[in-house]
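**Q**
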Amino acid sequence: MTTTRHNPYQVTDRNLALELVRVTEAAAVAASAWTGRGLKNEADGAAVEAMRRAFDTVAIDGTVVIGEGEMDEAPMLFIGEKVGSGGPGMDIAVDPLEGTNLCAKNLPNALTVVALAESGNFLHAPDIYMDKIVVGPYLPEGVVDLDSTIEANLKSLAQAKKCAVSDLMLCTLDRERHEELIARARAAGARVTLLSDGDVAAAIAACLEESEIDIYVGSGGAPEGVLAAAAVRCVHGQMQGRLLFEDDDQVARARKMNPGADPSRKLALEDMARGDVLFSATGVTGGALLHGIRRSGIRTVTHSLVMRSKSGTIRFVEGHHDYQTKTW
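Under our numbering, the sequence shown has 180 at position 179, and the numbering climbs by one with no breaks.
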């Protein structure tokens, strides 16, 4: 008689996907109490603690491999921290509040974000910068390349989409370091959307058909790059990245976190997130991707996105939470 061995992750991943939604919901509700108050670290701290408590109910043996906060000296779920109530070993990538400034100023697109994969399947990225390029699914493999010029990438993408470059919308962070990129993209004929913060949401938007964004490009946080890669895996988009180093200490940190790997190599999507991946995000402030937290009497309404790479399913989940029967 042949015995079939079952992968516990495959058996439980559907339930885990909904458990992750509860984690990002809790963090979003906690952060929303600080929306518009101008106190980004307090908002981040509230999201961190709510997310940490919510993880205590999730049946995994999780290890945080992508945390947040080092560059901003903000509170964080630290790298190496153990979360979960016990179960299969999992790597956890978190950004308890993606867009702390957005929340503090009550601007669009602040999110709470969690991604999960089997142990060893996320890039261990230090809190430095990463160069990134993202396009959506259903395009020829390698249609854009991190090492190509922006003009060449726009031309190739337009050909693949059977449109003119002038029909394309490029998205990037509004930073001085991107001024040349923006000028060259516009000179090539593309339109440009500029973000003040929040490149995880932008990377996801570049992969959704209903979005106006065709390509996301530019440098941002490396931890956010891994979270974006997890989301892009779930929707079968394309992404490349490369860590950007400012000094030898950062290079040494990257070598220590990924022994034997060239820290300056171009990273393919599966170098950053491979295997079966789960991703969840909940809106704190409303934006193009998700609605923000809404309160009505004793109820709080949340709007979340949950995705699984194995199925490619994208679910939008609206939760109506009753404060009389539920605590956060």
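Ideal placement from N, C-alpha and C gives every residue a C-beta, glycine not left out.
Does the distance from the CB of Asp-62 to the CB of Gly-81 come in under 7 Å?
**A** Taking the first residue of the sequence shown as position 1, residue 62 is located at position 61. Taking the first residue of the sequence shown as position 1, residue 81 is located at position 80. With respect to Gly-81, Asp-62 sits apart: the two C-beta atoms are not nearer than 7 Å.
**Q** State the DSSP-derived secondary structure class of Gln-241, mapped to helix, strand or coil.
**A** Here the question's residue 241 lines up with position 240 in the sequence shown. Strand, per DSSP.
**Q** Is the number of C-beta pairs between the segment 313-321 and the segment 35-54 that are closer than 8 Å three or more?
**A** Because the criterion of three Cβ pairs below 8 Å is not met, the segment 313-321 and the segment 35-54 do not touch.
**Q** Using 8 Å as the threshold, is the segment 146-159 in touch with the segment 247-254, meaning 3 or more CB pairs across them?
**A** no
**Q** Give the secondary structure of Leu-209 by DSSP, where H, G and I count as helix, E and B as strand, and everything else as coil.
**A** In the sequence shown, counting from the first residue as 1, residue 209 sits at position 208. Reduced to three states, the DSSP call for Leu-209 is coil.
**Q** Which whole-angstrom value describes the C-beta separation of Ile-67 and Val-227, a residue pair presumed to lie in contact below a C-beta threshold of 8 Å?
**A** Looking up residue 67 in the sequence shown gives position 66. Looking up residue 227 in the sequence shown gives position 226. About 5 Å; that satisfies the 8 Å criterion.
**Q** Rounded to a whole number of angstroms, what is the C-alpha to C-alpha distance between Arg-178 and Met-52?
**A** Working through the sequence shown from its first residue, we reach residue 178 at position 177. Working through the sequence shown from its first residue, we reach residue 52 at position 51. Distance between the alpha carbons of Arg-178 and Met-52: 33 Å.
**Q** Take Glu-142 and list the residues in its own chain whose beta-carbon comes closer than 8 Å to its own, dropping the five residues that flank it on each side.
**A** Here residue 142 is taken as the residue at index 141 of the sequence shown, counted from 1. Same-chain partners within the cutoff: Gln-239.
**Q** Determine the DSSP secondary structure at Thr-286, reduced to helix, strand or coil.
**A** Working through the sequence shown from its first residue, we reach residue 286 at position 285. Three-state result, Thr-286: coil.
**Q** Do Ala-191 and Leu-169 come within 7 Å of each other at the CB atom, strictly closer than that value?
**A** Numbered from its first residue, the sequence shown carries residue 169 at position 168. Numbered from its first residue, the sequence shown carries residue 191 at position 190. Yes, the pair counts as a contact, with Cβ atoms nearer than the cut-off.
**Q** Would you tell me roughly how many angstroms separate the C-alpha atoms of Lys-267 and Val-135, rounded to the nearest one?
**A** Residue numbering aside, residue 267 sits at position 266 when the sequence shown is read from its first letter. Residue numbering aside, residue 135 sits at position 134 when the sequence shown is read from its first letter. Straight-line measurement puts the Cα of Val-135 at about 14 Å from the Cα of Lys-267.
**Q** Can you tell me where the alpha helix (DSSP H) with Gly-46 in it begins and where it stops?
**A** Residue numbering aside, residue 46 sits at position 45 when the sequence shown is read from its first letter. 41-56 is the extent of the alpha helix (DSSP H) around Gly-46.
**Q** Should Thr-150 be labelled buried (16 or more other beta-carbon atoms within 10 Å of its own) or exposed?
**A** To locate residue 150, count along the sequence shown from 1; it is residue 149. With fewer than 16 other CB atoms across the displayed protein chains lying within 10 angstroms of its CB, Thr-150 is exposed.
**Q** Is the beta carbon of Gly-100 closer than 7 Å to that of Gly-199?
**A** Here residue 199 refers to the residue found at position 198 when the sequence shown is read from its first residue. Here residue 100 refers to the residue found at position 99 when the sequence shown is read from its first residue. In this structure, Gly-100 lies closer than 7 Å to Gly-199 by Cβ.
**Q** Using a threshold of 7 Å, state whether the C-beta atoms of Ala-118 and Val-278 are closer than that.
**A** Within the sequence shown, numbered from 1, the residue matching residue 118 stands at position 117. Within the sequence shown, numbered from 1, the residue matching residue 278 stands at position 277. Going by C-beta atoms, Ala-118 is nearer than 7 Å to Val-278.
**Q** Bridge partners of Gly-320, per DSSP?
**A** Taking the first residue of the sequence shown as 1, we reach residue 320 at position 319. Per the DSSP secondary-structure output, Gly-320 pairs in a beta bridge with Thr-303.
**Q** Alpha carbon to alpha carbon, what distance is there between Glu-180 and Glu-247?
**A** Start at 1 with the first residue of the sequence shown, and residue 247 comes out as number 246. Start at 1 with the first residue of the sequence shown, and residue 180 comes out as number 179. Approximately 20 Å between the Cα atoms of the pair.
**Q** With Ser-157 as the anchor, note down where its alpha helix (DSSP H) starts and where it stops.
**A** Within the sequence shown, the letter at position 156 stands for residue 157. First-last of the alpha helix (DSSP H) with Ser-157: 151-162.
**Q** Grab me the residues of Gly-87's own chain with a C-beta within less than 8 Å of its C-beta, minus the 5 sequence neighbours each way, in chain order.
**A** One-based indexing of the sequence shown puts residue 87 at position 86. Correct list, in chain order: Ala-60, Ile-61, Asp-62.
**Q** Within its chain, find whatever has a CB closer than 7 Å to the CB of Arg-176; leave out the 5 residues flanking it on each side and keep chain order.
**A** Looking up residue 176 in the sequence shown gives position 175. For Arg-176, where only same-chain residues beyond five positions count, there are no Cβ hits under 7 Å.
**Q** Do you know offhand how far Leu-244's Cα is from Val-114's?
**A** Reading the sequence shown from its first residue, position 243 is the one you call residue 244. Reading the sequence shown from its first residue, position 113 is the one you call residue 114. Take the alpha-carbon of Leu-244 and the one of Val-114: they are about 21 Å apart.
**Q** In whole angstroms, what separates the C-alpha of Ala-188 from that of Gln-241?
**A** By 1-based counting over the sequence shown, the position of residue 188 is 187. By 1-based counting over the sequence shown, the position of residue 241 is 240. Answer to the nearest angstrom: the Cα atoms are 24 Å apart.
**Q** Within its chain, find whatever has a CB closer than 8 Å to the CB of His-125; leave out the 5 residues flanking it on each side and keep chain order.
**A** What you label residue 125 is simply residue 124 of the sequence shown in a count that begins at 1. Excluding positions up to five away in sequence, the list reads Val-66, Ile-67, Ile-80, Met-258, Asn-259.
**Q** Classify Asp-132 as helix, strand or coil using the three-state DSSP reduction.
**A** As a working note, residue 132 is residue 131 in the sequence shown. Note: Asp-132 maps to strand in three-state DSSP.
**Q** Given that a residue counts as buried once 16 or more other Cβ atoms are within 10 Å of its Cβ, and exposed if not, what is Glu-213?
**A** Locating residue 213 in the sequence shown gives position 212, where the first residue counts as 1. Classification of Glu-213: exposed, given that the 10 Å Cβ count is below 16.
**Q** Is the CB-CB distance between Ala-204 and Ala-223 below 7 Å?
**A** The residue you call residue 204 lines up with position 203 of the sequence shown. The residue you call residue 223 lines up with position 222 of the sequence shown. Result no, Cβ atoms of Ala-204 and Ala-223 do not sit closer than 7 Å.
**Q** Flag this pair as yes or no: are the beta carbons of Pro-97 and Gly-288 separated by less than 7 Å?
**A** Position 96 of the sequence shown holds residue 97. Position 287 of the sequence shown holds residue 288. Cβ distance not < 7 Å, so Pro-97 and Gly-288 don't count as in contact.
**Q** Since Cys-164 and Tyr-217 should fall inside the 8 Å C-beta cutoff, what is the C-beta to C-beta distance between them, to a whole number of angstroms?
**A** Here residue 164 refers to the residue found at position 163 of the sequence shown. Here residue 217 refers to the residue found at position 216 of the sequence shown. Contact between Cys-164 and Tyr-217 does not hold, since the beta-carbon distance rounds to 17 Å and is not under 8 Å.
**Q** Report yes if the C-beta distance between Val-234 and Ser-310 is below 7 Å; otherwise report no.
**A** Here residue 234 corresponds to residue number 233 of the sequence shown, with the count starting at 1. Here residue 310 corresponds to residue number 309 of the sequence shown, with the count starting at 1. Looking at the sequence itself, residue 234 is Arg, so the reference to Val does not match. Taking 7 Å as the Cβ cut-off, Arg-234 and Ser-310 qualify as a contacting pair.
**Q** For Leu-17, does the three-state DSSP call read helix, strand or coil?
**A** Sequence index remark: in the sequence shown, residue 17 carries index 16 (1-based). Helix at Leu-17.
**Q** Have a look at Ala-55, Val-30, Asp-146 and flag the residue whose alpha-carbon is nearest the alpha-carbon of Asp-44.
**A** The residue labelled residue 44 in the question sits at position 43 within the sequence shown. Position check: residue 44 holds Ala in this sequence, whereas Asp was assumed. Measuring from the Cα of Ala-44, the nearest candidate turns out to be Val-30.
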